[in-house]
Every structure is written in structure tokens, then in C-alpha cells.
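Structure first, then comments.
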Amino acid sequence: MNFLEYKAIILCQSQNSWNSFWVDPLNFASGLCEELAIASNWLLKAWKYKRMFSSWKFVKKLITKSLVATGYIGYTACVVHCASEYIGDVVICQGPSMEPTLYSHDIMLTEHISIIRNNISRGDIIISRSPSNPKEYICKRVKGIPGDKIRTGFSTKVVPRGHVWLEGDNKSNSTDSRNYGPVPIGLLRSRAFCRVYPFEKAKMFPKS
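Sequential numbering of the sequence shown, starting at 1, is according to full-length UniProt numbering.
What follows is the structure, given as C-alpha cells:
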């Protein structure tokens with residue numbers, strides 16, 4: 001039994017007579033068309049639902065990939081943050097206070113281990129927050145550690161516990177501990193151990 005025969009039987013049974021199939025073919029054809037229209041409508045709805053389901057699968061796949069990408073980005077950001085906060089980072093020099101050792105736009109590699117372990121020595125080149133403006137960073141050399149006596153002009157100062165004395169190599173053009181006094185160790189960020197740029201001036205800064 002094919003589809004048309006099935007529809008014809010259903011239509012005839014709804015009229016409670018087989019004779020109506022033969023007596024009124026126009027009415028039968030009209031009913032059959034109506035049934036086909038209903039079936040087509042259901043097929044159209046099913047196709048729409050299928051498209052919606054396919055769209056949802058695409059959206060679900062897109063969301064999954066986005067979450068995975070976000071996870072990788074977050075993981076990378078955490079690694080970079082931890083590395084720059086606890087291991088080391090790259091610093092670009094600004095200003096003339098460390099000339100002739102360092103010039104503006106020189107690029108250095110720094111490490112945080114010495115600061116974290118409080119392993120600071122005289123002669124170390126240090127990156128620190130500025131005591132006068134904590135939003136800025138300064139690059140100076142350690143001239144005194146706790147207990148050292150520092151002569152400034154006609155007076156002598158003792159570096160207190162938990163502080164260091166920082167000065168720039170270019171003493172005539174440097175704002176340092178001679179202006180704002182000993183710097184708390186808590187403001188120190190890292191120790192420079194290598195200059196990598198300019199390439200022709202690349203060198204290591206040995207631990208003093």
C-alpha cells in the first residue's frame with residue numbers, strides 16, 4: 001500500500017462510506033489535498049526543528065571551543081604573571097641616573113629570587129618602587145645595606161634594619177637615597193643580572 005492509497009482509505013473511513021470515494025472524486029481530491037497540506041506543514045516544522053537543533057549543536061561547539069581557548073589564555077596569563085612576579089622579567093631603562101653603566105632604552109633581564117630571599121649585596125643594580133612616588137620604578141645601585149655607615153656631605157648616616165641605601169651611578173643627575181633617605185627593602189622588586197640590548201653592549205652583571 002502506497003501513501004496515496006493510505007490517505008484515500010483514511011479519508012473514506014472518515015466519511016463512513018467507500019462509495020464516497022467513487023461518487024464524489026472532487027471532494028476526495030480536496031480532502032486529499034488538505035491532508036497533504038497538513039503533512040507538508042508537519043514536515044516543514046520538522047525541518048525547522050532540525051535546523052534549530054543543528055544551530056544549537058553549532059552554538060554548543062562554539063561555546064565549548066571558546067571555553068577551551070579561554071582556559072588556555074587564562075593558564076598562560078597565570079604562568080606569565082607568576083614568572084614575572086616571582087622569577088624574573090624584562091626591564092627597559094629610562095633616564096640618565098645610571099649612566100655610564102646604563103643608558104635610556106637599554107634592555108635588562110632581572111631576577112626576583114635575590115629580593116625574595118633577602119640576598120642583597122653592595123653593588124647590586126636594583127629595580128625598586130620610588131619612595132617618593134610608589135607608582136614609578138627606579139633603577140639604582142645598592143651602596144649600603146643594614147648597619148652600613150654612609151657619609152653624605154659633612155654627616156654620616158647609618159642604614160637602619162630592613163632598609164638599603166640606593167644611589168645612581170650618575171651622581172650629578174640622580175634622585176636617590178641622598179634625597180629621600182634609606183629605602184625599605186619591601187619596595188625592592190628585582191635585581192638586574194644581564195643587559196641584552198643594545199646587542200653590541202650585552203653583558204652580565206655579576207653578583208657582588
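For glycine and all other residues, C-beta sits at the position ideal for the given N, C-alpha and C.
Where residue 129 is concerned, the enclosing beta strand (DSSP E) starts and stops at 125–129. Where residue 190 is concerned, there is no enclosing alpha helix (DSSP H), although the beta strand (DSSP E) around it starts and stops at 188–197. In this model, residue 102 and residue 77 are separated by some 30 Å (Cα to Cα). Between the segment 86–102 and the segment 66–74, the count of C-beta pairs closer than 8 Å stays below three; the two stretches do not touch. Ranking 200, 188, 195 and 202 by CA distance to the CA of residue 112 puts 188 first.
By the Cβ-count criterion, residue 69 is exposed, with fewer than 16 other Cβ atoms from all chains shown falling within 10 Å of its own Cβ. It is roughly 6 Å from the alpha-carbon of residue 145 to the alpha-carbon of residue 159.
Secondary structure note for residue 151: its beta strand (DSSP E) is the uninterrupted segment 149–152. Sixteen is the threshold: when 16 or more other Cβ atoms of the shown chains lie within 10 Å of the Cβ of residue 140, as they do, the residue is buried.
Counted as a single uninterrupted DSSP element, the alpha helix (DSSP H) harbouring residue 180 occupies residues 177–180. By alpha-carbon distance to residue 131, the top candidate from 107, 177 and 157 is 177.
Minimum Cα-Cα distance from residue 149 among the listed residues 171, 118, 169 and 181 corresponds to 181. When rounded, the separation of the alpha-carbon atoms in residue 170 and residue 129 is 19 Å.
In the structure shown, residue 88 adopts extended strand secondary structure according to DSSP, grouped into three states. The bridge partners DSSP lists for residue 164 are 183. The beta carbons of residue 108 and residue 194 sit about 6 Å from each other, so the pair counts as a contact at 8 Å. By the neighbour-count criterion, in which a residue is buried when 16 or more other Cβ atoms sit within 10 angstroms of its Cβ, residue 168 is buried. Note that the C-beta distance between residue 191 and residue 126 is below 8 Å. Short of 8 Å from the beta carbon of residue 64, and not among the five residues preceding or following it, lies no beta carbon of its own chain. Between the alpha carbons of residue 198 and residue 106 lies a gap of roughly 6 Å.
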